[in-house]
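Student: One structure coming up, written as structure tokens, with questions to follow.
The following block contains the structure:
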């Protein structure tokens, strides 16, 4: 999200806000991810990246719950 470093999260689009929320999740290194409608407001490439991240997380022993 280059170029948006100084933009308040509240002013980002829904998809950009979702990307910020997911980035925060990945930074916590939480073993359990609870994601409420994680593919909402995300483009096709973002869905693919998120799917790969979830697969990698579970392959490393993590858990993912989707609602």
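Residue numbers (the UniProt record's numbering): 1 to 67.
In this text, a Cβ means the ideal position worked out from N, Cα and C, and glycines have one as well.
This structure is a prediction, so every number in the text was calculated from the model and none was measured.
#1: If you reduce the DSSP assignment to three classes, tell me which class residue 25 lands in.
#2: Kindly indicate which three-state DSSP category residue 20 falls into: helix, strand or coil?
#3: For residue 61, which option in 19, 40, 67, 30 has the closest C-alpha, if you only look at C-alpha atoms?
#4: Look up residue 64 in the DSSP assignment and say whether it is helix, strand or coil.
#5: Measuring straight from C-alpha to C-alpha, what distance separates residue 52 and residue 4?
Tutor: This is what the structure holds:
#1: Counted from its first residue, the chain shown places residue 25 at position 25. In the structure shown, residue 25 sits in a helix (DSSP, three-state: H, G or I).
#2: If you number the chain shown from 1, residue 20 lands on position 20. DSSP places residue 20 in helix when its eight states are reduced to three.
#3: As a position in the chain shown, residue 61 is number 61, starting the count at 1. Residue 30 holds the alpha-carbon nearest to the alpha-carbon of residue 61 among 19, 40, 67, 30.
#4: In the chain shown, residue 64 corresponds to position 64, counting from 1. In this structure, residue 64 counts as strand in the three-state DSSP scheme.
#5: Translated into positions along the chain shown, residue 52 becomes position 52. Translated into positions along the chain shown, residue 4 becomes position 4. Cα to Cα, the separation comes out at about 25 angstroms.
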